[in-house]
Amino acid sequence: MMIENFGKNVARLRKEQGYSQEQLAKEIEVNRQTISNIERGARYPTFETLEKIAKLFKATPTQLFGTPKEIAVSDTPAILNEIDKYNSKIQAILQIPDIVETYGEEIHTLAEQVTTIKMVVDDLLYVHNDDDTLATTDEGILVRSNLPEEINAIANDARVINYFFGKPIITDEDGLPYLDKNGKEMFEKSTYEKIPVETIKEIARAIDYIKKNKDNI
1 MMIENFGKNV ARLRKEQGYS QEQLAKEIEV NRQTISNIER GARYPTFETL EKIAKLFKAT
61 PTQLFGTPKE IAVSDTPAIL NEIDKYNSKI QAILQIPDIV ETYGEEIHTL AEQVTTIKMV
121 VDDLLYVHND DDTLATTDEG ILVRSNLPEE INAIANDARV INYFFGKPII TDEDGLPYLD
181 KNGKEMFEKS TYEKIPVETI KEIARAIDYI KKNKDNI
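Here it is, written out as structure tokens:
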């Protein structure tokens, strides 16, 4: 650890924690030029300023004076603790790409089917105006009958799923669909297709490696 690393580390910590030079200067009661000089290595802080910076950023000596490698090594236990803390959530997230790849088409088909059922249920459940909008009263939407609310809840979930897998039609500013050379409507990629599956898998492999080898790091 060396004093020469201090300026760069202060700049890094400041940006990581969302402070501008002006804001940091105000917090530790110095002027902005002092912060600029410290970060450029043009001057070193007084003991009082150093103490204020360390306290504000909750920074260890290594985080203030260490090299990037030393800082990375010192941060490893905290990273591993966070991985352990959120292990179950991480495992669930890591399974998403495989689940989507394996069952994506089935989920999409089911979502379309349930959405169709919802459209039929809406016709039975709600009163519609002549322009097909839902009829309302002062108390809310006008209901024709008391079908189970579970049907509505399931249909709402299906809409979310269908949004994830559905491919929106590409339209112009007037809402008219763009057509391809064969005269067929053009579609955007679905949210599912936009997911960087390979990147997620690569991150998953890296996290899995860290977990398996944390005792050797």
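Just so it is clear: in the sequence shown, position 75 is 75 by UniProt numbering, and no numbers are missing. Where is the CB? At the ideal position from N, CA and C, for every residue including glycine.
Going by C-alpha distance, which of the options is nearest residue i?
i, options, result
"I169", "T109, I38, M186, Q23", "M186"
"T67", "G7, K181, A153", "G7"
"S36", "F65, Q21, P177, K184", "Q21"
"R43", "N182, N129, A153, V10", "V10"
"E16", "K184, E112, A59", "A59"
"I28", "G41, R12, T191, F47", "F47"
"N5", "P45, M119, G18", "P45"
"P61", "L13, E106, T116, G18", "L13"
"D157", "D208, T116, T133, A206", "T116"
If I follow the unbroken alpha helix (DSSP H) through residue i, where does it start and stop?
i, result
"N37", "32-40"
"N9", "6-16"
"P61", "61-65"
"A54", "47-57"
"A135", "It is not in any alpha helix (DSSP H) - A135 carries neither H nor E in the DSSP assignment."
"E185", "Taken as a continuous stretch (DSSP letters only), E185 belongs to no alpha helix (DSSP H), as it is neither H nor E."
"L176", "L176 -> no alpha helix (DSSP H), and no H or E assigned at all."
"K26", "21-28"
Tell me which residues share the same chain as residue i and place their Cβ nearer than 8 Å to its Cβ, disregarding the 5 neighbours each side in the sequence.
i, result
"V30", "T49"
"E39", "G7, K8, V10, A11, R14, Q21"
"I153", "The identity of residue 153 in the sequence shown is Ala, whereas the question assumes Ile. Excluding residues within five positions, none has a Cβ falling inside 8 Å."
Mind reading off the beta-carbon distance from residue i to residue j? Whole number of angstroms is fine, and I expect it under 8 Å.
i, j, result
"F57", "I3", "That belief does not hold up - the Cβ atoms of F57 and I3 are roughly 17 Å apart, past 8 Å."
"K189", "K167", "7 Å"
"R53", "Q63", "The sequence shown places Ile at residue 53, rather than the Arg named in the question. In fact, because the Cβ distance is near 11 Å, the residues do not count as touching under 8 Å."
Identify, in the order they occur along the chain, each residue of the same chain with its Cβ nearer than 7 Å to the Cβ of residue i, setting aside the five sequence neighbours on each side.
i, result
"D180", "M186"
"E34", "Inspection of the sequence shows that residue 34 is occupied by Thr rather than by Glu. Counting only Cβ-Cβ distances below 7 Å, and skipping sequence neighbours, we find A25."
For residue i, which residues in the same chain have their Cβ closer than 6 Å to its Cβ, ignoring the five residues on either side in sequence?
i, result
"R32", "Q21, E22, A25"
"T171", "P177"
"G41", "G7"
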